[in-house]
Ligand code: FE
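Here is the structure:
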């Protein structure tokens, strides 16, 4: 099948015919924006001659793969957040991948021990602190966010957002459910307003004087700086990398998984290995102000300027497993209420 037709089939939704495996192609389903993947898919094609077809999805990845079943043209899925990656795995839609190249390039914390998902870049969930109203060293740990000294000073998005659920999962991993519940109640008592908006909206609220610190992902600093209106918000805060009291900074990933039905398995593995190379990780990370994970790779200058920190080395699978408990606790304290 000509690649243009194949792309049309993918873009049109569910493939109704069984697609023959074509040796020189690989098909991606991606929740990630086209501009993030394009530099890499182009470089991959240039190096290998393998054509890359990408279907960009806003939602419904699991449902689509389920509907397509064995006839799915998808070889690889791309998404952010361990819970979204794990949702595809738990639905039985992926296959384990073993590769010495992947194992060498991707630290143990950032891939499934069984090889069903592999992280390519990371982001930390950090504190944005008002330059004017928060002193250096005033906040150093996640646990500290429950301290009454922050009363009416914290802004955060909904507790049930995937980023916050992963953070709460990490808190459970380190301290257990009981202590995490107490922590959530403490943080809730410190909120300046009900959880609302996205991570950037919290920084805007600091800029507007509504709160003094917020919780957000690192790359939003870069995103805000490139936006004329939001640059002001970004300039009103500095990044603080909190750690857990007994561990490092909370990390999450963007990652890739090979589908169970992958028709171009060999090409898909080649692409995964290509993407895991330090150079490819650096390009992928730089496009969204994230951190490459390969030994010896470096983040972009701007990202580096936010400072050094110790990442939590908990395997993200541990956090994925705790997601139900985390959600339950967030709801039981009526965090958003
Ligand atoms: Fe995000």
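Numbering (the numbering used here), first residue to last: 756 to 1092. Virtual Cβ for every residue (Gly too), placed ideally from N, Cα, C. Please read all numbers here as calculations on a predicted model, not as lab measurements.
Contacting residues, own chain, Cβ-Cβ under 6 Å from residue 1030 (five flanking each side not counted): 875
Cα-Cα separation between residue 1091 and residue 920, rounded to whole angstroms: 13 Å
Pair within 8 Å by beta-carbon distance, residue 785 and residue 792: yes
heavy atom of ligand 1 below 7 Å from residue 1007 C-beta: no
Where residue 957 falls, given that 16 or more other Cβ within 10 Å makes a residue buried: buried
Local Cβ density within 10 Å of residue 971, reported as buried at 16 or more and exposed below that: buried
Close Cβ partners of residue 777 (< 6 Å) along its chain, the five nearest in sequence each way excluded: Residue confidence for residue 777 is low, a pLDDT of 49 falling below 50, so the modelled location carries little weight; the figure read from the coordinates is stated next. Contacts found: none.
Where the alpha helix (DSSP H) through residue 819 begins and ends: 816–823
Opening and closing residue of the alpha helix (DSSP H) in which residue 727 lies: Residue 727 lies beyond the residue range present for the chain, which begins at 756 and ends at 1092; the question has no answer from this structure.
Cβ contact (3+ pairs, closer than 8 Å) linking the stretch 879–890 and the stretch 988–997: yes
Closer than 7 Å: residue 972 CB and nearest ligand 1 heavy atom: yes
Option nearest residue 895 by Cα separation, candidates 868, 1005 and 779: 1005
Minimum length 4: unbroken alpha helix (DSSP H) runs contained in the stretch 1001–1045: 1020–1031 and 1033–1042
Inter-stretch contact at 8 Å, needing at least 3 Cβ pairs: the stretch 856–876 / the stretch 1035–1049: yes
Integer-rounded CB distance, given that residue 885 should sit under 8 Å from residue 967: 5 Å
Other residues of its chain near residue 1042: CB distance less than 8 Å, five sequence neighbours each side excluded: 790, 791 and 794
Separation of residue 983 from residue 977, as counted between CA atoms: 12 Å
CB of residue 950 within 8 Å of CB of residue 924, strictly: no
Residue 871 - DSSP class collapsed to helix/strand/coil: coil
C-beta contact flag for residue 965 and residue 910 at 8 Å: yes
Residue 921 - containing beta strand (DSSP E), residue span: Not the beta strand (DSSP E): residue 921 falls in the alpha helix (DSSP H), residues 917–930.
Straight-line Cα distance separating residue 974 from residue 831: 24 Å
Inside the stretch 778–861 only - alpha helix (DSSP H) runs reaching at least 4 residues: 789–803, 816–823, 837–845 and 855–860
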